[in-house]
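To start, the structure itself, in structure tokens.
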Amino acid sequence: MLRCAIVFLTLVLCRTTLSAEENLPAGALRISVFQADATPPLGTPVAYAPARKIEDPLTARGVVLLGAGRPIVLCSVDWIGIANGGHDAWRESLAQAVGTSVDRVAVHVLHQHDAVRCDFTSEELLAPYGLEGRRFDVPFVRKTIANAAAAAKASLEKAQSVTHLGVGQAPVEKVASNRRILGPDGRVAIARSSSYRIPEPILSRLNAEARRQGYELSASRVKEALAAPEGVIDPLLRMLTFFQDDRPIVSLSYYATHPQSYFGKGDVTSEFVGLARAEHEKSRGGLTLVHFNGASGNVAAGKYNDGTPEMRVTLTRRMAEGMKRAWGSTKKIPLTAADCEWRVQPVQLPVAMHLDAEKLRATLENPEATPSDRLTAAGKLAFVLRRKQNIPVELSCLKLGSVYILHMPGELFVEYQLAAQKMRPDDTVCMAAYGDYGSGYIGTEIAYSQGGYETQPSSSNTAPQVERVLMDGMRALLK
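Here this note's numbering = 1-based position in the sequence shown + 12.
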């Protein structure tokens with residue numbers, strides 16, 4: 013008798029669930045939320061050293077939108093960069109997991125520096141020379157991709173109907189500043205890094221470029237960098253929240269800055285952006301926040317960051333305050349599947365003139381070259397070969413009524429984000445950059461003639477004409 017009662021109750025509960033789904037209007041919009049661990053094992057490579065300590069865990073997290081055609085996936089990963097074939101693998105795995113096409117999947121990183129790289133194309137180029145596994149732990153990365161895909165698939169069973177979209181924004185105070193301070197001649201006069209306590213490997217690279225322009229990053233230059241204005245930034249953090257009536261389901265946030273406080277010794281962390289994200293989630297009773305880094309190739313915390321552990325706490329608090337204010341400004345608007353549209357614009361990024369496939373391959377094959385030079389050559393060659401094969405970079409846009417979310421590649425300059433907002437001045441335009449990381453930095457056309465670290469040959473794989481390509485792509489997506 014007890015068993016019959018349990019079976020009956022189970023059938024009633026299942027029927028209730030089915031009835032609720034059946035009562036959804038045709039074309040109802042639903043959303044599911046997923047998350048997977050992305051923390052590397054100790055001893056494996058992160059950006060500048062082997063991982064020696066886990067300060068806090070890294071995650072891959074995102075949402076799946078259902079009901080507006082095939083599923084749409086937005087995913088954010090706490091890694092430094094996912095490039096070329098690595099970016100393909102992430103998108104393909106997530107697409108297969110939720111039953112959609114690859115062009116409806118956007119994958120981005122937050123660009124924390126003591127975090128993981130992923131580029132299977134360059135790894136394939138390095139393998140014949142015994143250099144595989146130097147830049148990232150391949151089995152760990154493949155396992156993380158599989159776990160994220162499994163989490164996305166499992167989340168579909170818990171998808172919830174969406175009735176409203178909340179839109180909020182607020183400035184983040186004393187975090188972002190432009191890295192490139194121009195002099196009277198229109199060229200970079202001060203190269204302001206992520207902090208004014210610069211790790212030696214980065215300092216050496218910055219000084220190499222500085223010396224070419226006739227100066228050193230001396231103590232006096234540091235004082236000038238601190239005294240200089242913030243420069244061109246986007247001060248606003250934008251937050252979108254999906255609601256079921258008055259109940260929030262998940263929030264997405266967008267803000268443009270390099271997330272570094274201090275880094276370089278293998279102390280793995282989600283940095284002040286990830287720590288602020290966790291604080292916001294705690295303050296909202298565990299409501300998931302999926303944060304995306306905007307176009308911040310030339311934006312960092314350098315004006316306000318002395319590179320100490322104490323300053324990470326301060327930057328975290330300032331980010332969390334911005335998130336809190338953005339949440340507090342949220343205004344709800346009705347949202348249906350009919351209000352949602354996914355747009356894709358494939359583009360071919362122009363390759364920098366200094367990149368020659370044969371010379372790069374020669375460096376890669378040269379046993380006398382330093383391991384660092386060979387690793388760098390493989391990454392650049394991967395980008396060049398994909399362009400020779402006419403493999404496009406896909407820009408995309410999720411339109412949610414009067415809200416537009418652009419998904420862009422590389423370490424994009426903030427001018428692209430500001431330009432996109434001017435293209436639709438009466439609407440809300442959010443941007444997630446740091447998609448396919450194969451391009452490296454992407455400057456504006458004029459920036460390539462201004463000097464500076466970001467547009468020097470070692471940093472950027474694209475030609476100045478990239479501005480026209482991306483601006484045209486954004487215009488098409490924002491029609």
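Glycine included, each C-beta is placed from N, C-alpha and C at the ideal position.
- [ ] Answer yes or no: do Asp126 and Asp279 have a C-beta to C-beta separation smaller than 7 Å?
- [x] The answer is yes: Cβ separation under 7 Å.
- [ ] Inspect the CB distances between the stretch 324-332 and the stretch 172-180 and report whether three or more fall short of 8 Å.
- [x] The stretch 324-332 vs the stretch 172-180: no contact.
Task: Beta-carbon proximity of Gly463 to Val200, cut-off 7 Å - done: Judged by beta-carbon spacing, Val200 lies within the 7 Å limit of Gly463, meaning their Cβ atoms are closer than that value.
Task: Completely contained beta strand (DSSP E) runs for the stretch 432-477, where each covers 3 or more residues - done: For the stretch 432-477, whole beta strand (DSSP E) runs of length 3 or above, ordered along the chain, are 440-444.
Open item on the list: Restricting to Cα atoms, I'd like to know which of Ser88, Pro83 and Leu41 is closest to Val3.
Closed with: Shown here, the chain extends from 13 to 491; a query on residue 3 therefore has no answer.
Task: Segment contact flag, the stretch 313-327 with the stretch 413-423, C-beta cutoff 8 Å, min 3 pairs - done: No, because fewer than three Cβ pairs between the stretch 313-327 and the stretch 413-423 fall closer than 8 Å, the two stretches do not touch.
Task: C-alpha distance - Ser282 paired with Asp197, whole-angstrom precision - done: For Ser282 and Asp197, the distance between alpha carbons rounds to 39 Å.
- [ ] Say whether the stretch 284-291 touches the stretch 393-401, bearing in mind that this needs 3 or more beta-carbon pairs closer than 8 Å, one atom from each stretch.
- [x] Short answer: they don't touch.
Task: Own chain residues within Cβ distance below 7 Å of Val110, not counting five before or after - done: Around Val110: Val76, Pro83, Val85, Ala164, Lys165 and Leu168.
Open item on the list: Can you give me the C-alpha to C-alpha distance between His303 and Val405, rounded to a whole angstrom?
Closed with: His303 and Val405 have their C-alpha atoms spaced approximately 22 Å apart.
Task: Separation of Phe148 from Leu482, as counted between CA atoms - done: Across the structure, Leu482 and Phe148 are spaced so that their CA atoms are roughly 30 Å apart.
Task: Backbone CA spacing between Lys434 and Ala307 [nearest angstrom] - done: So the two alpha carbons sit approximately 15 Å from each other.
Open item on the list: Ignoring anything shorter than 3 residues, give me the beta strand (DSSP E) runs that lie fully in the stretch 265-332, in order along the chain.
Closed with: Fully enclosed beta strand (DSSP E) runs of 3 or longer: 301-305.
Task: Cβ contact (3+ pairs, closer than 8 Å) linking the stretch 432-447 and the stretch 116-134 - done: Output reads yes: the stretch 116-134 touches the stretch 432-447.
Open item on the list: Here's the rule I'm using: 16 or more other beta-carbon atoms within 10 Å means buried, otherwise exposed. How should Thr474 be labelled?
Closed with: That one is buried.
TODO: Check the C-beta distance from Gly81 over to Cys130 and give it rounded, since I have them as a contact under 8 Å.
DONE: Actually they do not touch by this definition, with Cβ atoms about 28 Å apart.
Task: Simplified DSSP state of Asn378, which is helix, strand or coil - done: Reduced to three states, the DSSP call for Asn378 is coil.
- [ ] Out of Asp438, Ile94 and Leu264, state which residue places its alpha-carbon closest to the alpha-carbon of Ala50.
- [x] Here the closest residue by C-alpha is Ile94.
Task: Same chain, Cβ closer than 8 Å to Pro53, five either side skipped, listed in chain order - done: Cβ neighbours of Pro53 beyond the five flanking positions: Ala63, Asp149 and Phe152.
Task: Among Leu249, Glu104, Asn402 and Arg259, the one whose alpha carbon lies nearest that of Glu161 - done: Residue 161 is actually Ala in this sequence, not Glu. Checking every option, the nearest Cα to that of Ala161 belongs to Glu104.
TODO: Kindly indicate the opening and closing residues of the alpha helix (DSSP H) around Ala107.
DONE: Taken as a continuous stretch (DSSP letters only), the alpha helix (DSSP H) holding Ala107 covers Asn96 to Val110.
Open item on the list: Contact defined as beta carbons within less than 8 Å: I believe Thr71 pairs with Ala101. What is the distance between those atoms, to the nearest angstrom?
Closed with: Approximately 18 Å separates the beta-carbon atoms of Thr71 and Ala101; this is outside 8 Å, ruling out the contact.
- [ ] Keeping to the same chain, check which residues put their C-beta closer than 6 Å to that of Thr300; ignore five residues upstream and five downstream.
- [x] Around Thr300: Val45 and Val262.
Open item on the list: DSSP three-state label for Tyr60, please.
Closed with: In the displayed model, Tyr60 falls within coil according to three-state DSSP, outside both helix and strand.
- [ ] Report the three-state DSSP secondary structure of Ser205 (helix, strand or coil).
- [x] In this structure, DSSP gives Ser205 a state outside helix and strand, which the three-state scheme calls coil.
Open item on the list: Starting from Ser134, trace the alpha helix (DSSP H) in both directions and tell me its first and last residue.
Closed with: Phe132 to Leu138 is the span of the alpha helix (DSSP H), which, as asked, contains Ser134.
Task: Backbone CA spacing between Asp351 and Arg250 [nearest angstrom] - done: One Cα belongs to Asp351, the other to Arg250, and the distance between them is close to 20 Å.
TODO: Output the distance between the C-alpha atoms of Gly422 and Ala40, rounded to the nearest integer angstrom.
DONE: For Gly422 and Ala40, the gap between their C-alpha atoms comes out near 34 Å.
Task: Among Ile157, Ala203 and Thr467, the one whose alpha carbon lies nearest that of Lys235 - done: Answer by Cα proximity: Ala203.
Task: Alpha-carbon spacing of His366 relative to Gly180, whole angstroms - done: Here the C-alpha atom of His366 lies approximately 43 Å from the C-alpha atom of Gly180.
Open item on the list: Counting beta carbon pairs with one atom in the stretch 330-344 and one in the stretch 256-270, are three or more of them shorter than 8 Å?
Closed with: Inter-segment contact for the stretch 256-270 and the stretch 330-344 is present: three or more beta-carbon pairs are separated by less than 8 Å.
Open item on the list: Measuring straight from C-alpha to C-alpha, what distance separates Ala364 and Lys170?
Closed with: Going from the Cα of Ala364 to the Cα of Lys170 covers about 46 Å.
Open item on the list: Can you give me the C-alpha to C-alpha distance between Lys491 and Ser471, rounded to a whole angstrom?
Closed with: So the alpha carbons of these two residues sit roughly 32 Å apart.
Open item on the list: Let me check one thing: in DSSP terms, what residues is Ser8 bridge-paired to?
Closed with: Limits of the chain in this structure are 13 at one end and 491 at the other, which puts residue 8 out of reach.
Task: When Met486, Pro346 and Pro183 are compared against Thr269, the one with the closest alpha-carbon - done: Across the set Met486, Pro346 and Pro183, the C-alpha of Pro183 shows the shortest separation from the C-alpha of Thr269.
Open item on the list: Between Ala139, Pro260, Trp339 and Gln124, which has its C-alpha nearest Val58's C-alpha?
Closed with: Residue Gln124 holds the alpha-carbon nearest to the alpha-carbon of Val58 among Ala139, Pro260, Trp339 and Gln124.
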